[in-house]
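Note that the numbering used here has the sequence shown beginning at 4, numbered continuously upward.
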Amino acid sequence: YYFSLASDRWQTALEIEASRMRGCLLDAEEFTAEKSVVLEELAMGEDDPWSSLFKATESTMFQVHPYHHPVIGYREDLERVSVDAMRDYYQRSYGPDHAFLVIVGDIDTRDTEQRIRELFGSITPTGKDRAPVAVEPPPEGKRSASIRCPGETVRMAIAVHTCRMGEVDDFTLDVLSIALAGG
Numbered sequence: 004y005y006f007s008l009a010s011d012r013w014q015t016a017l018e019i020e021a022s023r024m025r026g027c028l029l030d031a032e033e034f035t036a037e038k039s040v041v042l043e044e045l046a047m048g049e050d051d052p053w054s055s056l057f058k059a060t061e062s063t064m065f066q067v068h069p070y071h072h073p074v075i076g077y078r079e080d081l082e083r084v085s086v087d088a089m090r091d092y093y094q095r096s097y098g099p100d101h102a103f104l105v106i107v108g109d110i111d112t113r114d115t116e117q118r119i120r121e122l123f124g125s126i127t128p129t130g131k132d133r134a135p136v137a138v139e140p141p142p143e144g145k146r147s148a149s150i151r152c153p154g155e156t157v158r159m160a161i162a163v164h165t166c167r168m169g170e171v172d173d174f175t176l177d178v179l180s181i182a183l184a185g186g
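Next comes the structure, spelled out in structure tokens:
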């Protein structure tokens with residue numbers, strides 16, 4: 004989650020995040036309504052040929068890593084997830100030991116740190132370690148996928164395993180990608 008707001012409103016955003024961290028109610032009616040919104044977002048993505056192409060590319064490129072699965076999930080999983088299952092996930096996953104907080108802007112560092120400690124300091128961590136992320140084995144040869152979408156425009160995506168995000172070569176590859184494919 005992120006907020007972009009006037010510097011005199013940062014405390015409101017911080018209070019919202021502290022409440023969300025361990026105090027989410029997950030009301031059954033509200034959950035059902037929000038699930039409908041997510042399903043609608045998923046449907047909009049399914050109507051976008053680029054989205055379909057990128058999902059196919061990632062699921063072909065990654066065989067065991069979580070990137071194999073789309074961030075928003077699969078329609079079938081979303082349709083059948085229950086509020087109880089979501090509460091369980093929330094209890095296991097949402098806590099200060101599974102989060103980063105970054106505040107940037109026109110703020111007083113000392114006051115901000117004090118307020119963070121007031122709001123987040125007493126929040127109980129989940130106490131659960133995250134499962135290690137599966138290491139993607141090196142690809143053995145070329146992988147490809149084809150999908151059909153309405154219309155006559157042909158699209159192509161090429162993906163290559165390179166370095167980890169944030170490594171020195173990552174920035175060079177970003178510039179190269181923009182130069183070659185971004186216009």
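All C-beta atoms in this analysis are idealised placements derived from N, C-alpha and C, irrespective of residue type, glycine included.
Cβ-based neighbour list, residue i, same chain, cut-off 8 Å, excluding 5 preceding and 5 following
| i | result |
| --- | --- |
| HIS68 | VAL136, ALA137, VAL138 and GLU139 |
| SER176 | A small correction: the amino acid at residue 176 is Leu; Ser does not occupy that position in the sequence shown. The residues are THR165 and CYS166. |
| MET24 | TYR97, GLY98, PRO99, ALA102, PHE123 and ILE126 |
Inter-residue spacing [alpha-carbon to alpha-carbon] between residue i and residue j
| i | j | result |
| --- | --- | --- |
| GLU44 | ILE106 | 29 Å |
| PHE123 | THR112 | 16 Å |
| PHE57 | ARG120 | 41 Å |
| SER70 | PRO141 | Ser is not the amino acid found at residue 70; the sequence shown has Tyr there. Computed Cα separation, rounded: 15 Å. |
| ARG133 | LYS145 | 32 Å |
| ALA21 | SER10 | 18 Å |
Check: residue i C-beta below 7 Å from any heavy atom of the ligand NAD
| i | result |
| --- | --- |
| LEU81 | Annotation note on the ligand NAD: not contained in the displayed structure, which lists no ligands. |
Residues of its chain near residue i, where Cβ-Cβ distance is below 7 Å and the 5 sequence neighbours each way are ignored
| i | result |
| --- | --- |
| LEU104 | ILE119 |
| LEU8 | ALA16 |
| PHE34 | VAL86 and MET89 |
Residue span of the alpha helix (DSSP H) that contains residue i, given as start and end
| i | result |
| --- | --- |
| PHE174 | 171-184 |
| ARG118 | 112-123 |
| ASP80 | 78-83 |
Beta-carbon proximity list for residue i, same chain, < 6 Å, skipping 5 on both sides
| i | result |
| --- | --- |
| ALA148 | ALA59 and THR63 |
Requested in this report: Within the stretch 140-169, note down every full alpha helix (DSSP H) run reaching 4 residues or more, in order along the chain.
Outcome: Here no run is fully enclosed.
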